[in-house]
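Residue numbers (my numbering), protein chains in the order written: chain A, 15 to 177; chain B, 60 to 474.
Following this line, the structure appears as structure tokens:
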């Protein structure tokens with residue numbers, strides 16, 4: 015997935031993990047059971063509209079709040095290819111990498127796009143929107159290693175000789 | 060160049076003289092898993108191919124979010140947790156003793172200088188005794204259970220220096236809310252906070268706990284207080300030279316230094332629906348409310364209940380207000396009964412509930428609905444946190460919460 019194009023959903027600043035998945039649904043058995051309630055306090059209609067390959071573009075501090083790992087898992091289960099935000103909260107960032115959900119930090123894109131626009135992402139290089147290119151940084155090597163292994167579970171399986 | 064507290068803890072733990080931005084692997088001294096995530100930790104642990112916990116005595120499992128069960132499905136978490144403890148030989152399990160963060164320090168699981176991770180974002184709490192503690196997800200918890208290690212990026216540190224005497228109606232909660240308001244909800248993201256100054260030195264460990272607990276609401280990775288005699292007494296230990304040395308050096312490198320005069324603090328609240336939306340109580344006074352919640356890992360300790368009781372003594376909550384009081388642990392519950400605090404609260408009309416996370420995580424004990432307003436002493440006022448998305452949550456100190464319960468309006472506490 016070095017390069018991909020997708021339709022975007024645009025969200026604001028401080029999208030917290032209680033918005034991504036409210037606590038009342040956290041004891042449901044699987045992330046698939048929880049996924050229809052994603053973003054429900056803010057936009058109850060959103061989860062049903064998201065399609066495979068879509069991209070979320072948000073403001074600063076995306077994923078702030080609790081440590082619930084269901085948050086990135088649900089975003090991934092909805093088919094979201096990656097989340098691009100001005101910044102991410104730290105626990106959400108770690109959880110996303112460990113689950114193979116791609117996150118990209120970019121401070122300019124959010125304020126220049128509209129919901130429904132298409133963007134093209136080239137990993138470790140740039141995001142392209144209506145002819146304009148937004149450069150993006152490379153991830154540190156230890157995180158690339160986890161992603162390349164297919165997430166932390168697979169990395170640990172390899173460590174335990176279950177490759 | 061000198062070192063910050065977090066640099067010293069990491070050096071003691073790894074032997075590496077790490078600077079901010081370096082990625083190091085730490086040896087974990089203790090982990091905390093709570094009921095909501097145990098099914099996920101258990102399945103990831105086995106999926107990873109581990110067959111034993113690196114050191115079962117270093118792991119603690121605490122049931123608190125779902126205690127007592129409010130939905131039949133909740134009991135599945137207890138069944139899986141009990142099986143996990145049995146299968147892997149864990150001894151440290153608390154099935155109904157209180158909130159995880161209260162128990163970790165109260166039951167002596169955390170000591171100064173320890174490196175601790177928990178499956179809850181408010182794991183930053185243990186910085187109150189000078190431990191580096193932070194929240195992680197269940198997949199990383201499963202990997203720690205197998206390996207005893209975790210990679211971390213050494214954080215930069217923001218030093219917060221507070222000097223002077225706090226006004227009587229101001230509590231540690233007002234300080235941390237003000238700081239979050241000043242820093243913003245992402246102002247300390249990826250960073251450590253270090254609290255110093257005579258105001259902090261004069262604080263109880265319980266008050267320090269309210270502050271380290273909420274540091275994550277500014278995005279902080281951890282929030283550290285230097286261990287002192289109060290810490291030693293609270294932890295029931297004698298401080299070693301190494302623990303005494305957990306002080307930020309005067310020539311350490313800080314990315315930001317914030318100075319406050321204690322006398323300048325006033326009672327404040329975090330207004331709907333972001334923790335950094337902080338306003339003075341006097342500015343909000345008169346706003347009608349429906350419910351008050353005094354409890355949580357932020358403010359459910361004995362001094363919090365006593366502060367509320369001081370205001371409620373001989374008075375009664377407004378007829379249309381429900382005042383819910385939830386002690387943070389079974390020990391605190393017993394102490395508050397023994398010293399008469401519970402009797403004062405009950406006579407004032409409080410609904411006293413079992414020690415647990417309770418209403419704070421919106422699962423039980425006073426869920427609210429559209430158009431209702433609650434003044435609450437916990438740590439988050441996010442949309443939908445304590446009921447529907449149209450509930451207004453104002454976060455406050457126990458004194459401000461008690462004052463509002465009496466009048467039925469947001470009120471500046473007078474003691």
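Ideal Cβ positions, reconstructed from N, Cα and C, are used throughout, including at glycine. The structure presented is a predicted model; accordingly, all values stated were derived computationally and were not measured.
- Contact annotation for residue 86(B) against chain A: no contact, minimum CB-CB distance about 17 Å [criterion: below 7 Å].
- Between residue 457(B) and residue 329(B) the beta-carbon gap is near 15 Å, outside 8 Å, which marks them as no contact.
- Contacts between residue 210(B) and chain A, judged by CB atoms closer than 7 Å, involve 156 in chain order.
- Around the beta carbon of residue 164(A), fewer than 16 other beta carbons sit within 10 angstroms, so the residue counts as exposed.
- Put simply, the backbone Cα of residue 357(B) is about 19 Å away from that of residue 219(B).
- Identification of chain B residues near residue 38(A) by a Cβ-Cβ cut-off of 7 Å yields 421, 422, ordered along the chain.
- For residue 238(B), the enclosing alpha helix (DSSP H) stretches over residues 231-242.
- When only Cα atoms are considered, residue 91(B) and residue 336(B) end up about 31 Å apart.
- In this structure, residue 256(B) keeps its C-beta atom at 8 Å or more from the C-beta atom of residue 290(B).
- Listed as beta-bridge partners of residue 221(B) by DSSP are 319(B).
- For the pair of segments examined, the stretch 91-111 of chain B was found not to touch the stretch 388-403 of chain B: the number of CB pairs separated by less than 8 Å stays below three.
- For residue 106(B), the enclosing alpha helix (DSSP H) covers residues 97-106.
- A Cβ-Cβ separation of about 36 Å leaves residue 473(B) out of contact with residue 295(B) under the 8 Å criterion.
- Residue range 96-99 is occupied by the beta strand (DSSP E) that includes residue 96(A).
- By the CB criterion at 8 Å, residue 214(B) and residue 65(B) fall inside the cutoff.
- Close to chain B, meaning a Cβ-Cβ distance shorter than 7 Å, are the following residues of the stretch 70-93 of chain A: 74, 75, 78, 79, 80, 81, 83.
- Scanning chain A for C-beta atoms nearer than 8 Å to the C-beta of residue 296(B) yields nothing, as the closest lies near 28 Å away.
- Contact annotation: residue 427(B) and residue 434(B) have beta-carbon atoms that are not nearer than 8 Å.
- In this structure residue 100(A) is buried. Its beta-carbon is surrounded by 16 or more other beta-carbon atoms within 10 angstroms.
- Neighbours of residue 125(B) across chain A, judged by C-beta separation under 8 Å: 41.
- Just measuring C-alpha positions, the residue of 47(A), 30(A), 25(A) sitting nearest residue 60(A) is 25(A).
- Just measuring C-alpha positions, the residue of 113(A), 97(A), 41(A) sitting nearest residue 18(A) is 97(A).
- Taking the beta carbon of residue 333(B) as reference, the chain A residues within 7 Å of it are 28, listed in sequence order.
- The Cβ of residue 68(A) sits no closer than 8 Å to any Cβ of chain B.
- Shortest Cα-Cα distance from residue 346(B) to any of 459(B), 113(B), 177(B), 185(B) involves 459(B).
- In this structure, the straight-line span from the alpha carbon of residue 118(B) to that of residue 203(B) is close to 10 Å.
- Under the rule that a run must span 4 or more residues, the alpha helix (DSSP H) segments found entirely inside the stretch 120-180 of chain B read 133-147, 159-165.
- With 16 or more other Cβ atoms inside 10 Å of its own Cβ, residue 253(B) counts as buried.
- In this structure residue 58(A) is exposed. Its beta-carbon is surrounded by fewer than 16 other beta-carbon atoms within 10 angstroms.
- Neighbourhood of residue 107(B) in chain A, by CB distance below 9 Å: 166, 167, 168, 169, 170, 171, 173, 174, 176, in chain order.
- As computed with DSSP, residue 459(B) is found in no beta bridge at all.
- For the stretch 174-203 of chain B, the beta-carbon criterion of a distance under 7 Å to any beta-carbon of chain A is satisfied by 178, 179, 180, 194, 195, 196, 197, 198, 199, 202.
- Along the stretch 435-456 of chain B, going in chain order, the ones with a CB nearer than 9 Å to a CB of chain A are 439, 441, 442, 443, 444, 447, 448.
- The continuous stretches of alpha helix (DSSP H) do not include residue 26(A), and DSSP gives it neither H nor E.
- Residues of chain B whose Cβ lies closer than 7 Å to the Cβ of residue 105(A) are, in chain order, 180, 194, 195, 196.
- Excluding its 5 nearest sequence neighbours in each direction, residue 104(B) has C-beta neighbours in its own chain below 6 Å: 201, 204, listed in chain order.
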